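Just so we're aligned, residue 39 is where the sequence shown starts under this note's numbering, counting upward by one. C-beta atoms are modelled at their ideal positions from N, C-alpha and C, and glycine is treated no differently. Nothing here was measured: the structure is a model prediction, and the numbers come from that model.
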Amino acid sequence: MQTSADRQDRHQYPAHWEADVVLRDGGTARIRPITVDDADRLVSFYEQVSDESKYYRFFAPYPRLSAKDVHRFTHHDFVDRVGLAATIGGEFIATVRYDRIGTDGMPASAPADEAEVAFLVQDAHQGRGVASALLEHIAAVARERGIRRFAAEVLPANSKMIKVFTDAGYTQKRSFEDGVVRLEFDLEPTDRSLAVQRAREQRAEARSVRRLLAPGSVAVVGVGRAPGGVGRGVLGNLRAAGYPGRLHAVNKAFPEDLKEVDGVPAHRSVRDIDGPVDLAVVAVPAAHVPAVVAECGEHGVQGLVVLSAGYAESGPEGRERQRALVRAARAYGMRIIGPNAFGVINTAPDVRLNASLAPQMPRPGRIGLFAQSGAIGIALLSRLHRRGGGVTGVTGVSTFVSAGNRADVSGNDVLQYWYDDPETDVVLMYLESIGNPRKFTRLARRTAAAKPLVVVRGTGTAPQGHAVRATRLPYETVSALLRQAGVIRVDTITELVDAGLLLARQPLPAGPRVAILGNSESLGVLTYDRCLAEGLRPARPVDLTTGATAEDFHRALAAALADGTNDAVVVTAIPAIGEGSPGDPELAEALRSAAATVPGKPVLVVHVELGGLAEALSAAASTAPGAAEKVPGTEGAAAPAPLATPPEGTHLIPAYPAAERAVRALAEAVRYAQWRRDAADPGKVPEYDDIDEKGAARLIGELLARGQGLTISDAETCELLAKYGIPVRRALPALTPDAAVAAARTLGYPVALKATAPHLRHRADLGGVRLDLADEEQLLRAYAELTELFGQPEELRPVVQGMAPRGVDTVVRAVIDPAAGAVLSFGLAGAASQLLGDMAHRLIPVTDREATSLVRSIRTAPLLFGWRGSTPVDTPALEELLLRVSRLVDDHPEVVAVTLEPVVVAPHGASVLGATVRLAPPPARDDLGPRTLPAY
Numbered sequence: 039m040q041t042s043a044d045r046q047d048r049h050q051y052p053a054h055w056e057a058d059v060v061l062r063d064g065g066t067a068r069i070r071p072i073t074v075d076d077a078d079r080l081v082s083f084y085e086q087v088s089d090e091s092k093y094y095r096f097f098a099p100y101p102r103l104s105a106k107d108v109h110r111f112t113h114h115d116f117v118d119r120v121g122l123a124a125t126i127g128g129e130f131i132a133t134v135r136y137d138r139i140g141t142d143g144m145p146a147s148a149p150a151d152e153a154e155v156a157f158l159v160q161d162a163h164q165g166r167g168v169a170s171a172l173l174e175h176i177a178a179v180a181r182e183r184g185i186r187r188f189a190a191e192v193l194p195a196n197s198k199m200i201k202v203f204t205d206a207g208y209t210q211k212r213s214f215e216d217g218v219v220r221l222e223f224d225l226e227p228t229d230r231s232l233a234v235q236r237a238r239e240q241r242a243e244a245r246s247v248r249r250l251l252a253p254g255s256v257a258v259v260g261v262g263r264a265p266g267g268v269g270r271g272v273l274g275n276l277r278a279a280g281y282p283g284r285l286h287a288v289n290k291a292f293p294e295d296l297k298e299v300d301g302v303p304a305h306r307s308v309r310d311i312d313g314p315v316d317l318a319v320v321a322v323p324a325a326h327v328p329a330v331v332a333e334c335g336e337h338g339v340q341g342l343v344v345l346s347a348g349y350a351e352s353g354p355e356g357r358e359r360q361r362a363l364v365r366a367a368r369a370y371g372m373r374i375i376g377p378n379a380f381g382v383i384n385t386a387p388d389v390r391l392n393a394s395l396a397p398q399m400p401r402p403g404r405i406g407l408f409a410q411s412g413a414i415g416i417a418l419l420s421r422l423h424r425r426g427g428g429v430t431g432v433t434g435v436s437t438f439v440s441a442g443n444r445a446d447v448s449g450n451d452v453l454q455y456w457y458d459d460p461e462t463d464v465v466l467m468y469l470e471s472i473g474n475p476r477k478f479t480r481l482a483r484r485t486a487a488a489k490p491l492v493v494v495r496g497t498g499t500a501p502q503g504h505a506v507r508a509t510r511l512p513y514e515t516v517s518a519l520l521r522q523a524g525v526i527r528v529d530t531i532t533e534l535v536d537a538g539l540l541l542a543r544q545p546l547p548a549g550p551r552v553a554i555l556g557n558s559e560s561l562g563v564l565t566y567d568r569c570l571a572e573g574l575r576p577a578r579p580v581d582l583t584t585g586a587t588a589e590d591f592h593r594a595l596a597a598a599l600a601d602g603t604n605d606a607v608v609v610t611a612i613p614a615i616g617e618g619s620p621g622d623p624e625l626a627e628a629l630r631s632a633a634a635t636v637p638g639k640p641v642l643v644v645h646v647e648l649g650g651l652a653e654a655l656s657a658a659a660s661t662a663p664g665a666a667e668k669v670p671g672t673e674g675a676a677a678p679a680p681l682a683t684p685p686e687g688t689h690l691i692p693a694y695p696a697a698e699r700a701v702r703a704l705a706e707a708v709r710y711a712q713w714r715r716d717a718a719d720p721g722k723v724p725e726y727d728d729i730d731e732k733g734a735a736r737l738i739g740e741l742l743a744r745g746q747g748l749t750i751s752d753a754e755t756c757e758l759l760a761k762y763g764i765p766v767r768r769a770l771p772a773l774t775p776d777a778a779v780a781a782a783r784t785l786g787y788p789v790a791l792k793a794t795a796p797h798l799r800h801r802a803d804l805g806g807v808r809l810d811l812a813d814e815e816q817l818l819r820a821y822a823e824l825t826e827l828f829g830q831p832e833e834l835r836p837v838v839q840g841m842a843p844r845g846v847d848t849v850v851r852a853v854i855d856p857a858a859g860a861v862l863s864f865g866l867a868g869a870a871s872q873l874l875g876d877m878a879h880r881l882i883p884v885t886d887r888e889a890t891s892l893v894r895s896i897r898t899a900p901l902l903f904g905w906r907g908s909t910p911v912d913t914p915a916l917e918e919l920l921l922r923v924s925r926l927v928d929d930h931p932e933v934v935a936v937t938l939e940p941v942v943v944a945p946h947g948a949s950v951l952g953a954t955v956r957l958a959p960p961p962a963r964d965d966l967g968p969r970t971l972p973a974y
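Written out as structure tokens, the structure reads:
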């Protein structure tokens, strides 16, 4: 009789278990199920494991695997017996397996829910986090197969493996018996296990990017023999930047006797390079890239920047070429920036890497810059260069990444790097698309809590070549969710640079109160009006008159900063003509010295046609000679480029050519500062004693047994919502006049008569609703009017409903989006939300503080708080309703859509008059599963 161990498969090969992962040192590995075809790989792998590691695995000397062992370790049913391998270059570097056991510790099948787990990691790869990654994946596989608990027996001396288990964050028990440590742990993810997983993810992905941005050696593949061309240009840019590491020029067409190109060692192949290569910049035609990737992988190159085009941006054939590129690179443990990339830059003095098509190295600074498009990257670098040298002095770039098609390294990876990069204070990103909105939002929230993150996002249409998850959320909703995560959302490159320079140069404002002073009354008034338009609280402008001296500016600015009623100061300045008028350097120094008296408040300058003031503001930051020297190659340019570093603690004053640009940047800083204060105390998700979570789960299970996706009936909707303390005002069908009268008697007068046909539902403006019907006569008259206007009762589907207290009609919605996750939305019912799109959104689960801000975030919120003398409504009751809906969707992801409309919020209480609920199997939550790179 054939046993399960002898059968090759009880299930088909589970291809969805295959995954690429980033390891602790930033390299990558592929995890996949072990199959019968892996016998030779397993034997080869085992031969490279030390005797000590073998002893730790088998508790005895075990020099080689027997044929029976090989058969056992390669034949799995993918249910009760599963083995996974981590591979690099197609060869095993580690294995893990589980065997399902019963309560007696013997092999078993379902419903047994415990399994023994064991690892073996090649000694050369220990310490890279391979076992931790394998544990995450084997645990996810086990949960899928109904296993809820792992047991592992480990020798006490095997401290590394004990640490793998104990550090994972699962709930566990530990015992010691017969000289063996026995560990038992539940596989249900906990808050701690998720925190551990995400911390490991951040460290690994940050290191993988660091390897690309700070390589010890670089090879440029595709360097032409003659001047010109992309490869030769990049090699020249690296040399001109002063890259201190080892450089190599590679071209298979080089003559065998060619030793150097531009003073750089020349090679016909990466294989010919003597010594390690950390980064390869690939600038060859797409058809030749696969051979280059193989050479790099075999030589142990850590990462690639692929400048070559002809991939997914060119159509279906190129898309498949791009998939093959990523698969090949990951097979060797390499990460890729690109293809179709502009390149990467790191201005750190000990790195000075310009592996890009930018002919000039940007000024060093504290701004991290990410762009997907090369053209946008050029524009951003150009603007920062002009503004950095002319308006804001030495502000420049720490690192720059242009990811092109971002087939592998994306904005998420670079955010992981910038999060704890000590050289970066502000992050600017131009995103044409967001491949994983759920992860980006999570990373953005964490990054924004530490440093400003300013984003321009494309209009929602992803360029060819970008792998983007489908989302059903409107562009405006995704933008609102990004703002909720602390992202400073702007619309143009100009606004991106304006906001970034302010945030890089000045402290965050403590509030919205703005002082305005200057030598032009009209410019001051314009600034005042723009402050009001942006929601700031400006004081009346102080006009110093056109005859103001530098000392007048100094005195006025110092007084404004010392005034406790001001949180920020905008200085307006126009050219002054006449004897005694301050020159640009004199005025700049006056403003700088005054700002230094209260360094905790931001100062901005609006200047009109003052060619020298911006430069002088920069120069005033430094007392070193040569502060206004030009950067080599910029001779003849109008704006000098300061090279000297300002004294420690000095805040350079940003200057803007227009009031609206300065005020918009300041308003974004004010909103971001408020978000930072709110994020420090995000509130809590409240518990409600009357919620019946288990009862709701049973009901949902029974309803889903009828089908995979369904909108449940009104009665079922009321039953489900009631389990979460959300009563829906009862409505009775009235298909005849007599039925309407009977319903009204049951409910009690006054009542409402409503048509619920889809084209009339929630459309009081069409006359499909009759309210405050006080008696039978009024009800029958209304019934006759409805049927005369709109047709037979079978078409109208009329219902009778008891009248709710008068108030403000609102709408509450929740939806689970496959890309962004669960989202709660709120707005006023009718034209405000449907025509004007006045809806506010929050990610679920919503905290009490977030519910409060959600209600106040819509433009029409004043209608809830007594606008024009109306009675304020019961917003605490509304907030509780929002929190209960959030809990329902968070507790039961099978509830994929909820709509409560209308919700009438009265002075006392809130009444739900209509509700629909849709159930379906929940979308996969990859953010709760093991760490993986996007699949290709």
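Work out the CA separation of residue j and residue i for me, nearest whole Å.
i, j, result
"L759", "Y821", "30 Å"
"V258", "A409", "22 Å"
"V344", "R245", "19 Å"
"D567", "V452", "39 Å"
"I750", "H930", "15 Å"
"V234", "A206", "7 Å"
"G403", "L555", "30 Å"
"P663", "P400", "Low local confidence applies: a pLDDT of 33 at P663 is under 50, so the model's placement there is unreliable, and no value is given."
"V516", "G165", "39 Å"
Between residue i and residue j, is the Cβ-Cβ spacing less than 8 Å?
i, j, result
"L852", "I882", "Position check: residue 852 holds Ala in this sequence, whereas Leu was assumed. For A852 and I882, yes; Cβs fall inside 8 Å."
"L770", "A781", "yes"
"L30", "L466", "The chain is shown only over 39 to 974; residue 30 falls outside these bounds and no answer can be derived."
"A979", "L419", "Since the first and last residues shown for the chain are 39 and 974, residue 979 lies out of range."
"Y136", "V120", "yes"
"G338", "L250", "no"
"G865", "T848", "yes"
"V943", "L902", "yes"
"A242", "G167", "yes"
"I854", "P960", "yes"
For residue i, which residues of its own chain have a beta-carbon under 6 Å away from its beta-carbon, when the five flanking residues on both sides are left out?
i, result
"V218", "E191"
"S558", "T610 and I612"
"G638", "P545"
"L938", "V850, V950 and A953"
"T794", "R835 and V837"
"D536", "R699 and A703"
"P968", "E174, H175 and A178"
How is the alpha helix (DSSP H) around residue i delimited, first residue to last?
i, result
"N450", "G449 to Y457"
"D776", "P775 to L785"
Specify, as a first and last residue, the run of the beta strand (DSSP E) that residue i falls within.
i, result
"L555", "R551 to G556"
"V439", "V435 to S440"
Report the residue from the options whose alpha carbon sits nearest the alpha carbon of residue i.
i, options, result
"A237", "I200, G262, R543 and S170", "S170"
"V247", "D590, G406 and F828", "G406"
"M372", "A318, R543 and E572", "A318"
"F214", "T228, A195 and H175", "A195"
"Y710", "K106, G283 and L491", "L491"
"I176", "H54, R476, V943 and D310", "H54"
"V302", "R368, N275, H163 and V447", "N275"
"V74", "H946, L122, D529 and T898", "L122"
Near residue i, what residues of its chain come up, given a Cβ to Cβ distance below 7 Å and the 5 sequence neighbours on each side ignored?
i, result
"V87", "L158, Q160 and D161"
Skipping 5 residues on each side, what residues in its chain have a beta carbon closer than 8 Å to that of residue i?
i, result
"A324", "S346, A347, G348, Y349, G356, R359 and P377"
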